[in-house]
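Numbering of the sequence shown is given in numbering that gives the first Met the number 0, commencing with residue 0 and proceeding in unit increments. Where is the CB? At the ideal position from N, CA and C, for every residue including glycine.
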Amino acid sequence: MTTTYMRVQDDGTNCLICGARNAVGGAQCAECSAPLALVRDRNDEQTQQKIVTILGDSNVGKTVYLGFLLDMLSQRASNYTCVPIGAHSINVQQTVISHMAQRMFPPKTPMEADQWYWAYYQICKQTKNKQEWLDLVIPDVAGESLAAELANPNTFRVINSLTGKSAGMLLLLDASQAANGSSGPDFFGVKMLTYLDAVNRADRRSRVQMPTAIVLCKADLCPECFDDPRRFTEVNLCRLWNLCQSRLGNVEFFACSTVGSLAYATSPEEDFVTTIPLHTALRGVLEPFEWIAKQL
Ligand SMILES: Nc1nc2c(ncn2[C@@H]2O[C@H](COP(=O)(O)OP(=O)(O)OP(=O)(O)O)[C@@H](O)[C@H]2O)c(=O)[nH]1
Ligand SMILES: [Mg+2]
Ligand SMILES: [Zn+2]
């Protein structure tokens with residue numbers, strides 16, 4: 000009797016975010032919807048891929064922030080060289096820049112993870128005597144999905160995997176709401192840190208060491224925030240401030256704004272007011288990223 004052995008060829012891909020094995024040819028991970036191009040397009044096996052997550056409530060300004068940040072890096076701000084990997088990586092930058100050029104804010108990010116933007120860039124900081132390349136993946140998460148995951152952990156597996164695998168985190172909070180006395184941003188921040196603790200299974204004796212930048216957005220509406228973001232947090236987001244002190248081992252505070260002046264428009268047929276960005280004026284966009292990049 001002869002036995003025939005069949006060679007099973009498996010050219011599948013392990014998802015970068017959740018690690019699930021995916022069949023040949025798929026575009027997105029069947030488990031978490033992250034693009035498999037993040038693994039397939041990788042062109043440098045030497046440098047390790049690092050994930051930096053931008054988290055924050057819906058409408059805080061994550062998409063606008065990420066779009067401008069990538070655009071600044073692409074324009075060699077602060078001596079950075081920035082190479083996009085895969086054409087899909089440029090979408091967030093393009094959406095933000097083209098909308099803002101027409102005096103519009105970009106649309107809200109859909110809740111479905113398969114429609115999020117995923118930016119994959121190789122970034123190099125050129126100093127006098129050395130060049131350091133970073134292989135960075137930065138997803139643009141939807142605030143509503145994040146809120147749903149915080150309320151019911153494991154609803155969005157992708158968020159759970161992302162927070163567990165991140166090498167750095169930017170937590171965006173609405174400074175103008177906080178300055179107006181709203182407790183919303185404070186509680187969101189507290190929930191986010193508590194979630195992070197649970198994902199990292201940190202106990203009271205060990206603090207989370209992942210570099211965490213607390214970014215106070217929309218600071219154009221409360222410019223005092225730029226003078227001392229640390230003090231602003233202590234005064235206006237005191238619950239978050241206290242938790243940062245007790246739970247985070249590596250945290251810094253920043254203020255940021257992307258627009259110079261705003262107009263508010265409505266029409267007799269509409270019962271809502273639209274915010275129109277009259278001009279772009281970037282302030283404090285690069286600093287939180289630089290602080291994290293230095294530590295990766
Ligand atoms: N004043 C001011 N408003 C801003 C700024 N950035 C964003 N906004 C406002 O915030 C809104 C939301 O911005 P997005 O970047 O879409 O917010 P997001 O966090 O991505 O929201 P989701 O996609 O729902 O998670 C915009 O439509 C603007 O009205 C800023 O720098 N200053
Ligand atoms: Mg968004
Ligand atoms: Zn996955």
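How would you call residue i, buried or exposed, if buried means at least 16 neighbouring beta carbons within 10 angstroms?
i, result
"SER205", "exposed"
"THR108", "buried"
"ALA29", "exposed"
"ASP10", "exposed"
"PRO267", "exposed"
"VAL272", "exposed"
"GLN92", "buried"
"ASP134", "buried"
"ASN13", "exposed"
"SER160", "buried"
"ASP173", "buried"
"THR232", "buried"
"VAL7", "Here the model assigns VAL7 a pLDDT of 49, short of 50, so the residue's position is not dependable, and the following value carries that caveat. Per the 10 Å Cβ criterion, exposed."
"THR154", "exposed"
"VAL258", "buried"
"ASN179", "exposed"
"VAL284", "buried"
"LYS293", "exposed"
"ASP70", "buried"
"ALA218", "buried"
"MET191", "buried"
"ASN42", "exposed"
"LEU138", "Sequence check: residue 138 is Pro here, not Leu. So PRO138 ends up on the buried side."
"ILE16", "buried"
"SER260", "exposed"
"GLY18", "exposed"
"PRO228", "buried"
Report yes if the C-beta distance between residue i and residue j is below 8 Å; otherwise report no.
i, j, result
"TYR384", "CYS81", "The chain is shown only over 0 to 295; residue 384 falls outside these bounds and no answer can be derived."
"CYS255", "VAL189", "no"
"TRP115", "VAL140", "yes"
"TRP117", "PRO34", "yes"
"THR162", "THR62", "no"
"TYR64", "LEU72", "no"
"CYS31", "ARG156", "yes"
"LEU247", "VAL198", "no"
"CYS216", "LEU171", "yes"
"ALA147", "LEU236", "no"
"ASN249", "GLY142", "no"
"MET85", "LEU295", "Contrary to the premise, residue 85 reads as Gly rather than Met in this sequence. Contact flag unset, no."
"PHE253", "PRO287", "yes"
"ALA264", "LEU277", "no"
"TRP220", "SER175", "In the sequence as presented, Trp is not what sits at residue 220; that position holds Leu. Yes, these two residues count as a Cβ contact at 8 Å."
"ILE291", "LEU149", "no"
"GLY66", "PRO105", "yes"
"SER144", "ALA112", "yes"
"GLU251", "ALA212", "yes"
"ILE296", "ARG102", "Because the chain spans 0 through 295 in this model, residue 296 falls outside it and cannot be assessed."
"LYS129", "ILE50", "no"
**Prompt:** Near ligand 3, which residues have their beta-carbon closer than 5 Å to a heavy atom?
**Reply:** CYS14, ILE16, CYS17, ALA19, CYS28, GLU30, CYS31 and ALA33
**Asked** Using 8 Å as the Cβ pair cut-off and three pairs as the minimum, do the stretch 92 to 99 and the stretch 175 to 187 touch?
**Response** no
**Request:** When you get a sec, list the residues whose CB is within less than 7 Å of any heavy atom of ligand 2, chain order please.
**Result:** LYS61, THR62, LYS107, THR108, ASP139, ALA141 and GLY142
**Prompt:** Can you list, in chain order, the stretches of the alpha helix (DSSP H) that have 4 or more residues and sit fully within the stretch 90 to 175?
**Reply:** 90 to 100, 142 to 150 and 156 to 164
**Request:** For the stretch 25 to 89, list the alpha helix (DSSP H) runs that are entirely contained and at least 4 residues long, ordered along the chain.
**Result:** 36 to 39 and 61 to 73
**Asked** Of all the alpha helix (DSSP H) runs that stay within the bounds of the stretch 172 to 198, which reach a length of 4 or more residues?
**Response** 174 to 178 and 183 to 198
**Runs of alpha helix (DSSP H) wholly within the stretch 193 to 264 (minimum 4 residues, chain order)** = 223 to 226, 228 to 235 and 237 to 246
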